[in-house]
C-alpha cells in the first residue's frame, strides 16, 4: 500500500465552464495546451480558450508560416494544414490578429470563422516567406533596373481576378504591379476580397483595425461600400482606419454606436460636424487641427473623453466662448502627437480655460505657458505624460524641453498622480522654493538637476581637510582658499536635505525615476556597420558613448537617502545618467527598506556594442540579485502612449473569489499554474530553479525531492509545508551537493520550521535517519496524517522517537523498515514481560495512553519489531479502520518456524488474549497476507481459531 497525496478527481462543481474560462484568461496558449492533455473533460472545456485569441506573430506561428509554402514544410504544416486548422477550430476564435496573408485567406475562405469580436490587420508587407523573399529578389534583378521604363512598368495596374461575391461588383480595382509576379497579383486580388468577406461574416465584431498594406493588394472605388459594410456591424465600437479617407460625419451617421475611432486620413477640416453624436469617446487623427475645428468637435461630440491629434495650426486667434455651447466640457484627455506642438504664447490660454474637467495632458514639450494654464484652469489634472522620449536625453536626440515647468504642476495641482517626463528637468533650488501639494503622487519620472556637487577631486580634498562632518563653528577660522570648497559642500548638503525631505512626503509613490539614458545611443549604428561591430567585439578599442549628467542628485546614505524609507510602496526606482555614487551600503539599504521594490533602473547590463565594461556596476547588480532575486534590472523603456481603451471580457465578480481560484489551481498540472501570489502549491524537484523558489517559498505546500541534485530546494526557506516526499537518491550519489551532515542539518531545520506538516514520505532516502530528525518529527508536528517509510533503517537511539511518530500518524505504512534495539524493552506501547500474568498485562495496558492515532496501518515486513509488539501497537489503535499485514519476503515466516514450541505456544496464547480484548468498533477492513506455503506458521494458526471470529464480530454487518 502506498500513500497517494495527489488530489482526487475534480468535483463536478469545479468543471463549470465559467470557472475554466476565467482561469484560462490568465494562461498563455502553451499553458492551456498542457491543460487540454490532462483528460477529455479538460480538453472539451479548454479547447475554446486555446483558440479564443489567435495572433500569428506569437508562439510557433511565425516559424510555421515562414516555411509553409516550401517544398517540404516542417511537420507537414503547409497551406492545406493551415486551412484545415481554421475549418476545424475557426468557430472558437474571438480575437484574430493577422500579419500573414495566408492566415487572412484561411480565415476568410470558409464560413467557420464567424464569431469574431475583434479583427486586427497589421503590416503584411514585412511578413514574407522564404519562397516569397527569393521571388522578390528575382524580380528585382530582372532587367531593366533603375530607369524610367522600369518605374513605369511597375506602376501599371496589376492583374485582377474573379469576384467572390456579387456585392463586390464595381467595388475594387487593381493596385500597382510593383515587385509582384502574376500569380502574386491574382492572389492579392483574392486576399483583399476575403478581408471584406470576413468582416461581413462576423456581425458581432466590436473592434476593427485595418492597415495601409491592404491598400497595396487592391483599391476600393466605392465609399458607399465601406459605409454599408460598417453599418452591418451593430456592435462595432472601435475602428482603426488606415486605408480610406472618409467623411467623418457620414461615418458617425452610419455607425452611431462607434466609441473609438483612429484615422490615418480625415477631412474634418473641410467638413465640420453639423449634428451631435453622443457615443464617440476617443478620437485619434494625425496632422494639425485648426482651433476652430477643435471647438467644433467639443461642441458636437459631448461624450468625447480623449482627443489625440498632431498639433494646433499656428497663427489663429479664436474665441472659444462663442463656439462652445456645452459647457463645462467633459473632455478628460488632451494629447498632442507631433514633436512640435505648434503652441504659441496664447494658444493654451485660448483652449485650456474651457477644459476644467481635464485629467490627462500629454505633449512632447510642456511649455511654461501650458504649465501655467494647466495649474490655473485644470484643477482635476492627474497625469502629465511626455509623448515622445527619443530613447536618450543626449543632445543628439534634439529634445528641447523647458526647465522647471514640471515643478509648476507639482506645486499647483493637488490631484496630480503621475508625471512621466524623463526629458524635463527640475532645478534643486527651484524645487526647494515651492512646496509640492500633490501628496497622492504615485509616479514621478523627471530629472532633478542644479545640485552644487563636488567632483571626485574636490570630494577627496574635502574629506582630507574637513572630514566627513566638519565643525561649522570653525568656518570663520578656515583658510580663505578652503572657504569656497566648504561653502559648496554645505550648499550641496542643504540642497539634498530639502529635496529628500520633499520626496519623503510622497508616501504613495510607486515609481520614482530620477534619470534616463544619457549616452549617445545613435553611435551604435552611425559609427560602425553591424558586421564590423561583430568582428570587433573582442577588441579593446571601446566606443565612448558619453557619460552622466553633471549636477544631478547624489543617492548615497551620507547625502540623505535614508529619508526615503517612508516610500514603503515603491516598486520602481531609476537613476540612469545620474551622478548617484551608489555603493554596496546603499544597495543593501534599498534591498531592506523597500520591500515592494520590483524594478531597478541603473544597474542593468549594457547592451551598447563595444562599450567599456563597468565592473562596479556589475558588482552592485550581483549584490542586489543576491539580496533581492525578485528585483529586475532594466532600462527606462518608453512609456506606453495613452490610446483608446481595449475591449476587456466581462467577468462575473464571484469568479474572483480566492477560494475558487485556489481550488481550480489545485487541480491544474504544475506547468499550468500561474506563479501568482497564492498559486504555488506543489513544487517538484524537476520544476523551477532554486532562485525562483526563494520568492515563492512561503506559498509552497507540497515538496517532492527526487535526487541529491534537487536537495538545493531544501534551503529556500519554506515555512508552510504540508507534505514532504524524498525518493530516488541511491542512484544519484555522484550528484550529491555538500556533505551528508549539511544535508541532514538542513532537513532537521526544515522539519522544525514546519510544525503543520501532515505528510512525511521517505522512499530509499538514506540507510539510516538520525535520531534528531525523528525527535523533531515526533515533537514538532502537531497534525501528522501520513507516515510512509520504505527501505529505511531506524537506529536504536532513534527508536523511541520513531515509535512516537508512528503513534501520532493517522495513516501508517512501513515497508521493509528495520528497527534496531532490544525487542523486549523498547516496543510500541511499553514493556511487557513474558512471565507476566494476563491480568497484570491488562493492567499495564490500561495504565498507558487511552488510544493511539492511526486509522490505517500497513506493516510490510518490519525487522526488529516482533509480532507481539506489532499486535500490542494495534491493540491501542481504538480508531483503527483498516489493517494490512503483508510480508514482502520469507524472513518473518522463517523466524516463526524456527521458534521453539514453548515460544510458539506462548505467542499463540498472547495473540488470542489480545484479540479478545481489542475494542475495534470502527474496523472495516482486515488483510493478512502469507506469501509462501507455510501452513504451520504460528500467525496463521493463531488467526484460524476463535480469535479471528472475535475480530470479524467487531466489524459492522453492513461493511
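In full-length UniProt numbering, the protein residues as written are 1 to 959.
Here a beta-carbon is modelled for each residue, glycine too, at the ideal position from N, C-alpha and C.
A quick note: this is a predicted structure, and the numbers were derived from the prediction, not measured.
Beta-carbon within less than 8 Å of residue 541's beta-carbon, same chain only, minus the 5 sequence neighbours each way: which residues are those?
Cβ neighbours of residue 541 beyond the five flanking positions: 610.
For residue 624, is the classification buried or exposed, using 16 other Cβ atoms within 10 angstroms of its Cβ as the cut-off for buried?
Classification for residue 624: buried.
State the start and end residues of the unbroken alpha helix (DSSP H) segment that holds residue 799.
In the DSSP assignment, residue 799 falls within the unbroken alpha helix (DSSP H) covering 799 to 808.
Considering Cα atoms alone, identify which of 719, 554, 858 is closest to residue 456.
554
One or two residues paired with residue 251 in a DSSP bridge:
Looking at the DSSP assignment, residue 251 forms no beta bridge with any residue, so it has no partner.
Please decide whether residue 156 counts as near chain C, where near means a Cβ-Cβ distance under 8 Å.
Among the protein chains of the structure shown there is no chain C, as only one such chain exists.
Identity of the residues DSSP links to residue 574 by a beta bridge
513, 601
Quick check: the Cα distance between residue 195 and residue 89, rounded to an integer number of angstroms?
A direct Cα-Cα distance of roughly 19 Å separates residue 195 from residue 89.
Between the CA atoms of residue 763 and residue 725 - distance to the nearest angstrom
8 Å
Start-end ranges of the beta strand (DSSP E) lying completely within the stretch 46 to 94, minimum 3 residues:
53 to 55
Residue range of the beta strand (DSSP E) that residue 451 falls in?
Residue 451 -> no beta strand (DSSP E), and no H or E assigned at all.
In terms of residues, what are the limits of the alpha helix (DSSP H) holding residue 418?
Taken as a continuous stretch (DSSP letters only), residue 418 belongs to no alpha helix (DSSP H), being part of the beta strand (DSSP E) at 418 to 427.
Are the Cβ atoms of residue 563 and residue 500 separated by less than 8 Å?
If you check the CB distance, residue 563 and residue 500 come in under 8 Å.
Pull up the distance between the alpha-carbon of residue 57 and that of residue 167, whole angstroms please.
32 Å
Residues sharing a beta bridge with residue 169, DSSP:
Residue 169 pairs with nothing; no bridge assigned.
Could you have a look at residue 719 and say whether DSSP puts it in helix, strand or coil?
coil
Closest by C-alpha distance to residue 183, when choosing among 59, 116, 161:
161
To which residues of the same chain is residue 495 closer than 6 Å at the C-beta, ignoring the five residues directly before and after it?
428, 451
Just to confirm my understanding: we take residue 425, look at its own chain, exclude 5 residues before and 5 after, and list those with CB closer than 6 Å. What are they?
403, 447, 449
Terminal residues of the beta strand (DSSP E) in which residue 587 lies:
First-last for residue 587: 584 to 593, but that is the alpha helix (DSSP H), not the beta strand (DSSP E).
Per-residue burial, residue 271 [other beta carbons within 10 Å of its own, 16 or more giving buried]:
Exposed, by the Cβ-count rule.
Whole angstroms is fine: what's the gap from residue 768's alpha carbon to residue 801's?
14 Å
Pull up the DSSP beta-bridge partners for residue 705, would you.
726
Does the Cβ of residue 605 have 16 or more other Cβ atoms within 10 Å, making it buried, or fewer, making it exposed?
exposed
Strand pairing of residue 361, partner residues [DSSP]
334, 384
Secondary structure of residue 226, DSSP reduced to three states:
helix
On the DSSP letters alone, give me the boundaries of the alpha helix (DSSP H) that residue 102 sits inside.
101 to 108
Along the chain, where does the beta strand (DSSP E) containing residue 207 start, and where does it finish?
207 to 209
Cα-Cα separation, residue 43 to residue 261
38 Å
Candidates 329, 220, 235, of which the one nearest residue 962 by Cα
What the structure shows of the chain is the stretch from 1 to 959, and residue 962 is not part of that stretch, so it cannot be assessed.
Nearest-angstrom Cα distance between residue 689 and residue 628?
At residue 689 the pLDDT is 48, less than 50, meaning the model places this residue with poor confidence; the figure from the coordinates comes in the next sentence. Taking the straight line from one Cα to the other gives about 15 Å.
Kindly indicate which residue of 622, 572, 614, 580 has the alpha-carbon position closest to the one of residue 601.
Selected option, being the one with the closest Cα: 572.
Just the C-alpha distance for residue 789 and residue 22, rounded to the nearest angstrom, thanks.
Spanning the two alpha carbons is a distance of roughly 41 Å.
Once you ignore the five residues that flank residue 594 on each side, which residues in its own chain have a CB closer than 6 Å to its CB?
570
In the DSSP output, which residue or residues are listed as bridge partners for residue 212?
Beta-bridge pairing links residue 212 to no other residue.
Using CA coordinates, which residue listed in 140, 165, 177, 434 is at the minimum distance from residue 1025?
The first residue shown for the chain is 1 and the last is 959, placing residue 1025 beyond what the model contains.
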